[in-house]
Amino acid sequence: MNFAKTTLLGAACAFGMASVSTAELVVDFDGGSDDATITASFPLNTFSSPGDGWGVYVNDTSSTPWSLLDESADNASDKVGIYDSSKADAFFGVVDTVNNDISDEVSVTFDFDVSAMAGADLDVTIEMGAMGDFEASSDLLNWTYSVDDGAAQELFAITIDEEATHTYAMEAITYDWNDPAFIGDTMLTNVVQDFTKSVTVAPGATSLKLTLTAKLNGGEEAYAFDNIRVAAIPEPASLALLGLGGLAMLRRRK
Numbered sequence: 124m125n126f127a128k129t130t131l132l133g134a135a136c137a138f139g140m141a142s143v144s145t146a147e148l149v150v151d152f153d154g155g156s157d158d159a160t161i162t163a164s165f166p167l168n169t170f171s172s173p174g175d176g177w178g179v180y181v182n183d184t185s186s187t188p189w190s191l192l193d194e195s196a197d198n199a200s201d202k203v204g205i206y207d208s209s210k211a212d213a214f215f216g217v218v219d220t221v222n223n224d225i226s227d228e229v230s231v232t233f234d235f236d237v238s239a240m241a242g243a244d245l246d247v248t249i250e251m252g253a254m255g256d257f258e259a260s261s262d263l264l265n266w267t268y269s270v271d272d273g274a275a276q277e278l279f280a281i282t283i284d285e286e287a288t289h290t291y292a293m294e295a296i297t298y299d300w301n302d303p304a305f306i307g308d309t310m311l312t313n314v315v316q317d318f319t320k321s322v323t324v325a326p327g328a329t330s331l332k333l334t335l336t337a338k339l340n341g342g343e344e345a346y347a348f349d350n351i352r353v354a355a356i357p358e359p360a361s362l363a364l365l366g367l368g369g370l371a372m373l374r375r376r377k
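Positions in the sequence shown are counted from 1; adding 123 to them yields my numbering.
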């Protein structure tokens, strides 16, 4: 292939990649320009007890509920914590929401403008972790989504298995807790991991709301999440058409 054809092929590929690259909306809590409007049923970061958590935190023991942080490297008696000393950015944490400030469930909603993605399937990805002795009867962690204020639909249902026990590997120790949390067959642990679900946004839609509803009744039950991402999924037919377009450009060049 000569230089002209190589250049043309490269241009066609670049055009194709640009045309089908997934637009992505992100909330990472790091103080930049998050791509969603955030509203909460109870004000964030306002619990009166330092051990209770509902809001955005960093790896700083002076301002973050201790059950969210793995301090086992410095304190051998620490037996619950999601993020260890390697966590350098902010995250959203939930601990003991049944307290002197509030006794009911709380919720937080992330409202994304998806008008540029309407008419497509979207991947919703959230990085999550949990640790502690949860209770199926009194604890609640549930993610739902709605499009343009339509009916709420299940996104991630978090369940508690009261027949299970898990050995959590912390930074410097291991510890056994009963009643771990699950999404489907996957256990939530202090090793945070991405969970992804595809949702459909109809043509003309403008809003995708993701809502976490939470109720944790204990200081040794911790849940945290970070890096919410909403990405358009390119259709296979679009990829094929772009490839054919690139071949047509090459043939016309001959």
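No residue lacks a Cβ here, since even glycine has one placed at the ideal position from N, Cα and C.
Quiz prompt | Cα-Cα separation between P173 and T288, rounded to whole angstroms | solution = For the purposes of this step, residue 173 is taken as residue 50 along the sequence shown, with counting starting at 1. For the purposes of this step, residue 288 is taken as residue 165 along the sequence shown, with counting starting at 1. So the alpha carbons of these two residues sit roughly 28 Å apart.
Quiz item: By how many angstroms is the C-alpha of N340 removed from the C-alpha of L293?
Solution: Within the sequence shown, residue 293 is the residue found at index 170, counting from 1. Within the sequence shown, residue 340 is the residue found at index 217, counting from 1. Note on identity: in this sequence residue 293 is Met, with Leu being the wrong assignment. If you draw a straight line from the Cα of M293 to the Cα of N340, it is about 23 Å long.
Exercise. Taking the CB atoms as reference points, tell me whether G242 and P326 lie closer together than 9 Å.
Key: If you number the sequence shown from 1, residue 242 lands on position 119. If you number the sequence shown from 1, residue 326 lands on position 203. With contacts defined as CB atoms closer than 9 Å, G242 and P326 qualify as a contacting pair.
Self-check item: Three CB pairs or more closer than 8 Å across the region 217-229 and the region 302-313
Solution: In short, these stretches do not touch, since the Cβ pair count stays below three.
Self-check item: Cβ contact (3+ pairs, closer than 8 Å) linking the region 186-199 and the region 260-273
Solution: Too few Cβ pairs lie closer than 8 Å, so no.
Self-check item: Beta-carbon proximity list for S269, same chain, < 6 Å, skipping 5 on both sides
Solution: Position 146 of the sequence shown, counting from 1, holds the residue named residue 269. Cβ within range, chain order: A275, K332.
Quiz item: What number of angstroms, rounded off, separates the C-alpha of D227 from the C-alpha of E277?
Solution: To locate residue 227, count along the sequence shown from 1; it is residue 104. To locate residue 277, count along the sequence shown from 1; it is residue 154. Between D227 and E277, the C-alpha separation is close to 21 Å.
Quiz item: Where does L191 sit, in a helix, a strand or coil, going by DSSP?
Solution: The sequence position of residue 191 within the sequence shown is 68, counting from 1. Helix, per DSSP.
Practice problem: State yes or no: is the C-beta of T336 within less than 9 Å of the C-beta of V179? | Solution: Translated into the one-based positions of the sequence shown, residue 336 becomes position 213. Translated into the one-based positions of the sequence shown, residue 179 becomes position 56. Taking 9 Å as the cut-off, the Cβ atoms of T336 and V179 do not count as close.
Quiz item: To which residues does DSSP link G255 through a beta bridge?
Solution: Residue numbering aside, residue 255 sits at position 132 when the sequence shown is read from its first letter. In the DSSP output, where bridge partners are listed per residue, G255 has E344.
Practice problem: Look at the alpha carbon of V75 and the alpha carbon of F235, and state the distance between them as a whole number of angstroms. | Solution: There is simply no residue 75 to check, as the chain begins at 124 and stops at 377 in what is shown.
Exercise. With a floor of 4 residues, list each alpha helix (DSSP H) that falls wholly inside the region 280-314, ordered by position along the chain.
Key: Whole alpha helix (DSSP H) segments, 4+ residues: zero.
Self-check item: For I161, the first and last residue of its enclosing beta strand (DSSP E)
Solution: For the purposes of this step, residue 161 is taken as residue 38 along the sequence shown, with counting starting at 1. It spans 159-163 - the beta strand (DSSP E) in which I161 sits, taken as one unbroken run.
Quiz item: What first and last residue would you give for the beta strand (DSSP E) that runs through K338?
Solution: Position 215 of the sequence shown holds residue 338. 330-338 is the extent of the beta strand (DSSP E) around K338.
Quiz item: Excluding sequence positions up to five away, which residues of its chain have a Cβ less than 6 Å from the Cβ of Y346?
Solution: Numbered from 1 along the sequence shown, position 223 holds the residue referred to as residue 346. Cβ contact annotation for Y346 (same chain, cutoff 6 Å, sequence separation greater than five): V217, A253, L264, in chain order.
Self-check item: Exposure of S195, with buried meaning 16 or more beta-carbon neighbours within 10 Å
Solution: Sequence index remark: in the sequence shown, residue 195 carries index 72 (1-based). By the Cβ neighbour-count rule, S195 is buried, with 16 or more other Cβ atoms within 10 Å of its own.
Practice problem: Would you mind reading off the limits of the beta strand (DSSP E) that contains V270? | Solution: Here residue 270 is taken as the residue at index 147 of the sequence shown, counted from 1. Residue range 263-270 is occupied by the beta strand (DSSP E) that includes V270.
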